[in-house]
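Q: Counting with this note's numbering, you get residues 431 to 536 for the letters of the sequence shown.
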Amino acid sequence: MTAAEAVERIVGALEEIDGLRPATPVSPETTWLPVDWAGMAVDLSAEVVQIRLIATRLPIPPLLERAAELVRPLLAGTEWEKARLRLVVTDLDGAAFAGDPRHTNG
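1) Under a three-way DSSP split, which group does residue 498 fall into?
2) For residue 487, report the span of its alpha helix (DSSP H) as first-last.
3) Nearest-angstrom Cα distance between residue 523 and residue 452?
4) State the start and end residues of the unbroken beta strand (DSSP E) segment that holds residue 454.
5) Which residues in the same chain have their Cβ closer than 6 Å to the Cβ of residue 494, if we skip the five residues on either side of it in sequence?
6) So residue 390 is in the alpha helix (DSSP H); what residue range does that whole segment cover?
7) Is residue 442 buried or exposed, if buried means 16 or more other CB atoms sit within 10 Å of its CB?
8) So what does residue 473 bridge to, in DSSP terms?
Structure (structure tokens):
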């Protein structure tokens, strides 16, 4: 499996998790570029597979556990199989607080 294929599979697996999305460096001026923006959130090395994420729901720990459950099997049999999996939540979307009465301005 190539690195590009691994990234594509990882991003695809993350799409199954309601509450997490890849943290992408998209700015409004560059959305027209034909780039795999979601794939830019994944870094692969023999030592560490790092995925930068944005949380859109709370609590975060179960979301990260689910992400690890989905991603780790994708790495089996690849050069990244023994790499440490690092899931980094870089931002918390305001939607995560919707409906939570502890976080209202009233």
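Ideal Cβ positions, reconstructed from N, Cα and C, are used throughout, including at glycine. Quick caveat: nothing in here was measured; it's all calculated off a predicted structure.
A: Judging by the given coordinates:
1) As a working mapping, residue 498 is identified with position 68 in the sequence shown. Shown here, residue 498 sits in a helix according to DSSP, grouped into three states.
2) In the sequence shown, counting from the first residue as 1, residue 487 sits at position 57. DSSP places residue 487 in no alpha helix (DSSP H); its state is neither H nor E.
3) Indexing the sequence shown from 1 puts residue 523 at position 93. Indexing the sequence shown from 1 puts residue 452 at position 22. C-alpha separation (whole angstroms): 12 Å.
4) By 1-based counting over the sequence shown, the position of residue 454 is 24. For residue 454, there is no enclosing beta strand (DSSP E), as DSSP marks it with neither H nor E.
5) Counting from one through the sequence shown, the residue named residue 494 turns up at place 64. For residue 494, where only same-chain residues beyond five positions count, the Cβ hits under 6 Å are 517.
6) Because the chain in this structure spans residues 431 to 536, residue 390 falls outside the shown range and cannot be described.
7) By one-based count along the sequence shown, residue 442 stands at place 12. Taking every protein chain shown into account, the CB of residue 442 has fewer than 16 other CB atoms within 10 angstroms, so this residue is exposed.
8) For the purposes of this step, residue 473 is taken as the residue at position 43 of the sequence shown. Beta-bridge pairing links residue 473 to 480.
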